[in-house]
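The structure appears below as structure tokens.
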Amino acid sequence: NYSNDLMCIIDQESLVIDDLNPVFKLHLGYELSEVRGSAFSKFIKQNESTKSLLKNLKSMKDDQVYEFPCIMLGKNGNEIIFNWVAIAKNGKVHASANMNPKDKI
């Protein structure tokens, strides 16, 4: 994978990450094995919009596109704003996110 974007496949019912690309290690510092099988919410900063974001991901219909920003939490405690685009298909959410280098918090 030569993309610089985070990419993952999330089980829509449980919001557990089924698969992901190696860029999670590059941007967030996590080994793939640390992310795969974990809840997506574990890697995002919890705030007042988190609950509705997760609800929206679970309620997406097939082929529906959902765009959202969120702050991702790095393994070393850093926080980075990523802009996500997600599409639902057959019980899975296929999502990719890019960051603006100036968006490191």
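Using our numbering, you'd call the opening residue of the sequence shown number -19 and step up by one each time. For glycine and all other residues, C-beta sits at the position ideal for the given N, C-alpha and C.
Same chain, Cβ closer than 8 angstroms to residue i, neighbours up to 5 away in sequence not counted
i          : result
residue 65 : 45, 46, 47, 75, 76, 77
residue 38 : -8, -7, -5
residue 12 : 0, 2, 4, 5
residue 88 : Beyond the ends of the chain as shown, which are -19 and 85, falls residue 88; an answer cannot be given.
Beta-carbon spacing of residue i, residue j below 8 angstroms
i          : j          : result
residue -9 : residue -1 : no
residue 35 : residue 68 : no
residue -4 : residue 19 : yes
Distance between beta carbons of residue j and residue i, contact taken as under 8 angstroms
i          : j          : result
residue 61 : residue 49 : 6 angstroms
residue 56 : residue 9  : 5 angstroms
Close-in-space but distant-in-sequence residues of the same chain around residue i (CB under 7 angstroms, 5 per side omitted)
i           : result
residue -15 : 3, 76, 77, 78
residue -12 : -3, -1, 0, 75
- Message: Threshold first: 4 residues or longer. Then list the alpha helix (DSSP H) segments lying entirely within the stretch 29 to 57, N to C.
- Response: Runs found: 30 to 38.
- Query: Curious, which full-length beta strand (DSSP E) runs of at least 3 residues does the stretch -17 to 7 contain?
  - Reply: Here the runs fully enclosed are -14 to -9, -3 to 0.
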